[in-house]
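Here the structure is laid out as structure tokens; the discussion comes afterwards.
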Amino acid sequence: MSAVLWDTREALAPEFERRWAARLALCPHANFMMDLDCLRWDAAQGRHAIAALIDDGVRRAALVLRRERGGFACGQPWRWQVVLEGADPARPVGIDAADATWAVGEARAIAAPQPVRCYLPVAPADGAPAFAAYTTILHSIAHDDDDLLRAMHAAKRRMIRRAEREGYTVSEEHTIEQLRAFAVLAREAATQRGRASEYDPSVVPEPGQAWREWEQPWMWLLLASKDGRVASGLGDGRRPGGMLDGRKAASAPDARRDGAFALLSFEEARRGRDRGHRWINLGGDTVFKREMSGALGHTVVMHCWLAGGAAWGLPDRAEALWRRTRAGAQRVARRVRDRRAAGGTGA
Numbered sequence: 261m262s263a264v265l266w267d268t269r270e271a272l273a274p275e276f277e278r279r280w281a282a283r284l285a286l287c288p289h290a291n292f293m294m295d296l297d298c299l300r301w302d303a304a305q306g307r308h309a310i311a312a313l314i315d316d317g318v319r320r321a322a323l324v325l326r327r328e329r330g331g332f333a334c335g336q337p338w339r340w341q342v343v344l345e346g347a348d349p350a351r352p353v354g355i356d357a358a359d360a361t362w363a364v365g366e367a368r369a370i371a372a373p374q375p376v377r378c379y380l381p382v383a384p385a386d387g388a389p390a391f392a393a394y395t396t397i398l399h400s401i402a403h404d405d406d407d408l409l410r411a412m413h414a415a416k417r418r419m420i421r422r423a424e425r426e427g428y429t430v431s432e433e434h435t436i437e438q439l440r441a442f443a444v445l446a447r448e449a450a451t452q453r454g455r456a457s458e459y460d461p462s463v464v465p466e467p468g469q470a471w472r473e474w475e476q477p478w479m480w481l482l483l484a485s486k487d488g489r490v491a492s493g494l495g496d497g498r499r500p501g502g503m504l505d506g507r508k509a510a511s512a513p514d515a516r517r518d519g520a521f522a523l524l525s526f527e528e529a530r531r532g533r534d535r536g537h538r539w540i541n542l543g544g545d546t547v548f549k550r551e552m553s554g555a556l557g558h559t560v561v562m563h564c565w566l567a568g569g570a571a572w573g574l575p576d577r578a579e580a581l582w583r584r585t586r587a588g589a590q591r592v593a594r595r596v597r598d599r600r601a602a603g604g605t606g607a
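Position one of the sequence shown corresponds to residue 261 (this note's numbering), numbered consecutively onward.
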């Protein structure tokens, strides 16, 4: 058993950098947040982590623990950050319950005595404290254009054709003004949803910061334009040889009606495939995402494993029970609400 760590508060050793790159090159489910350049960038902004290479004679893994208040987090509710060398690239998830149990144990050992939350695409098989945290869709894109189109809902194919007739074009290279235009769309979308805008488009940030994040090498932004105007955008994180991860999207209302976002989603799949990716983590489960991915979409439930160790055993189990109970009550309430809306009694 061996574990080699890099704490991003310290200098990166060239040997670790070499070994990390070699390991991730053999992990088809690695994502952009495991990229060393991304970890270095985050560290420069004060967001620190521990990257770990772990070998036990059977498994050869890479994982990232990010520091948060009161402990660590491995992954996010919609994205896992434990990957195994040699996992089957044709599978949406390259980890099973036994792998996950092992990885959580390793994460606990690294984080001790602090607690760690591990977000993984499998549920515990041994009663470990955990709860369902999120549902996302993994879109299989290693298919030709006809298969991608055939798999999606017919309405989405019609939207793509409409956008093409309306004259929308898709680009990957952008000026600062085009990035600003996308930030404006994102602000308007947030306002429509009653949310605060993440960035102020009128303030020009430093390269790679705020709404210029798409200048980073691990980011990828597709913009749909018509008559010289940015009308829709779709941004991903990318890991060469690994996953594409949906991150941000926004459209003008008329562009969405014209099918511009459906066109962007199709271009994301086909261009992502041509870049060597096999999967897009769509970052959620919505009607639009289900219809765009269609028969090539795989629903994945993410689970939060609470791994505080013995000192946190009771609090972890109490939190897991509370979260599962609350989720169950919310499901019952939704069913009652839907039944009443359909004219039923709710009984």
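Ideal Cβ positions, reconstructed from N, Cα and C, are used throughout, including at glycine.
Option nearest residue i by Cα separation, candidates the options
| i | options | result |
| --- | --- | --- |
| Gly354 | Val364, Arg283, Val343, Trp362 | Val343 |
| Leu556 | Leu409, Glu426, Leu380 | Leu409 |
| Gln341 | Ala450, Arg269, Asp316, Tyr379 | Tyr379 |
| Thr361 | Gly532, Pro575, Trp565, Pro513 | Trp565 |
| Phe442 | Ala509, Leu398, Gln469 | Ala509 |
| Glu424 | Pro274, Arg499, Pro500, Asp487 | Asp487 |
| Gly335 | Ala285, Asp316, Tyr394 | Tyr394 |
| Ala385 | Arg329, Pro288, Val364 | Val364 |
| Arg339 | Gly454, Ala372, Gly543 | Gly543 |
| Gly346 | Pro337, Arg320, Gly532 | Arg320 |
| Gly532 | Trp582, His399, Ser511 | His399 |
| Trp539 | His413, Pro373, Ala402, Glu426 | Ala402 |
| Asp576 | Leu284, Asp295, Ala388, Met293 | Ala388 |
| His434 | His413, Glu448, Trp471, Gly454 | Trp471 |
| Glu426 | Arg517, Gly468, Gly330 | Arg517 |
| Val547 | His413, Ala372, Pro500 | His413 |
| Phe292 | Thr451, Pro500, Leu445 | Pro500 |
| Leu504 | Arg455, Val318, Pro288 | Pro288 |
Integer-rounded CB distance, given that residue j should sit under 8 Å from residue i
| i | j | result |
| --- | --- | --- |
| Leu325 | Phe332 | 4 Å |
| His537 | Ala392 | Not really, about 27 Å apart at Cβ, beyond 8 Å. |
| Ala567 | Pro375 | 7 Å |
| Asp348 | Val382 | Between Val382 and Asp348 the Cβ distance is about 15 Å, and since that is not below 8 Å, they are no contact. |
| Ala587 | Leu524 | Actually they are not in contact, since the Cβ atoms of Ala587 and Leu524 sit about 32 Å apart, beyond 8 Å. |
| Gly519 | Arg422 | 4 Å |
Length of the line joining the Cα atoms of residue i and residue j
| i | j | result |
| --- | --- | --- |
| Met261 | Ile314 | 8 Å |
| Glu277 | Ala309 | 15 Å |
| Arg351 | Ala290 | 13 Å |
| Ala696 | Ala411 | In the structure displayed, the chain extends from 261 to 607; residue 696 sits before or after that span and is not available. |
| Trp266 | Val561 | 30 Å |
| Ile370 | Ser431 | 43 Å |
| Thr605 | Gln590 | Note that Thr605 has pLDDT 39, beneath the 50 cutoff, so the model's placement of it is unreliable and the number below is only indicative. Whole-angstrom Cα-Cα distance: 18 Å. |
| Ala390 | Ala311 | 23 Å |
| Leu481 | Glu473 | 10 Å |
| Ala271 | Ala304 | 12 Å |
| Ala358 | Val264 | 22 Å |
| Thr396 | Glu551 | 13 Å |
| Glu579 | Glu366 | 22 Å |
| Arg269 | Leu299 | 11 Å |
| Arg283 | Asn541 | 21 Å |
| Arg418 | Arg327 | 46 Å |
| Asp404 | Asp295 | 28 Å |
| Lys549 | His558 | 11 Å |
| Gln476 | Ala273 | 23 Å |
| Glu448 | Ser457 | 8 Å |
| Phe526 | Leu439 | 21 Å |
| Asp297 | Val444 | 28 Å |
Buried or exposed by the 16-neighbour rule on C-beta atoms within 10 Å, applied to residue i
| i | result |
| --- | --- |
| Ser462 | exposed |
| Ala607 | Bear in mind that a pLDDT of 35 at Ala607, under 50, signals an unreliable position, so the model cannot answer this. |
| Gly506 | buried |
| Asp460 | exposed |
| Ile436 | exposed |
| Asp407 | exposed |
| Trp582 | exposed |
| Asp534 | exposed |
| Pro467 | exposed |
| Val464 | exposed |
| Val490 | buried |
| Ala281 | exposed |
| Ala415 | exposed |
| Gly502 | buried |
| Gly495 | buried |
| Ala512 | buried |
N- and C-terminal bounds of the beta strand (DSSP E) containing residue i
| i | result |
| --- | --- |
| Met562 | 557-567 |
| Ile370 | It is not in any beta strand (DSSP E) - Ile370 instead sits in the alpha helix (DSSP H) that spans 357-371. |
| Glu328 | 320-328 |
| Asp218 | The first residue shown for the chain is 261 and the last is 607, placing residue 218 beyond what the model contains. |
| Ser553 | Taken as a continuous stretch (DSSP letters only), Ser553 belongs to no beta strand (DSSP E), being part of the alpha helix (DSSP H) at 547-553. |
| Gly497 | 489-498 |
Chain B within 9 Å of residue i, Cβ atoms only
| i | result |
| --- | --- |
| Glu432 | The structure shown contains no chain B; it is built from a single protein chain. |
Segment limits, alpha helix (DSSP H) that includes residue i
| i | result |
| --- | --- |
| Ala282 | 274-284 |
| Asp514 | 513-517 |
| Thr451 | 436-452 |
| Arg420 | The residue asked about is misnamed: residue 420 is Ile in this sequence, not Arg. From DSSP, the alpha helix (DSSP H) with Ile420 extends over 414-426. |
Residue i beta carbon near the ligand ADP (any heavy atom closer than 8 Å)
| i | result |
| --- | --- |
| Leu524 | The ligand ADP is not among the ligands present in this structure, which contains no ligands whatsoever. |
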